[in-house]
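Step one of this worksheet: look at the structure below.
Residue numbers (this note's numbering): 42 to 100.
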């Protein structure tokens, strides 16, 4: 439920950018992305990028 909410509340441009990255990596590594997996991967990447941004601004 949290993943769905986070995915829907993300900025559209950021969501599209991360979706493209996830799909490209899955294709490159011959991975199958099932229903819900794409959203989960996008949200995970989004959260990691936010953590990196937070760490870089606090230094």
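Don't be surprised by glycine CBs; every beta carbon is placed ideally from N, CA and C.
message: Just to confirm the assignment, what range does the alpha helix (DSSP H) spanning residue 57 have?
response: First-last of the alpha helix (DSSP H) with residue 57: 53-69.
- request: Could you pull out every residue in the same chain whose Cβ sits closer than 8 angstroms to the Cβ of residue 86, ignoring the five residues on either side in sequence?
  value: Excluding positions up to five away in sequence, the list reads 59, 62 and 63.
message: residue 48 and residue 80 - do their beta-carbons sit closer together than 7 angstroms?
response: Remark: C-beta atoms of residue 80 and residue 48 approach each other more closely than 7 angstroms.
query: Is it buried or exposed for residue 82, if we count other Cβ within 10 angstroms and need 16 for buried?
result: Classification of residue 82: buried, given that the 10 Å Cβ count is 16 or more.
- prompt: With distances taken between CB atoms, is the gap from residue 74 to residue 67 smaller than 7 angstroms?
  reply: The criterion of a C-beta distance shorter than 7 angstroms is satisfied by residue 74 and residue 67.
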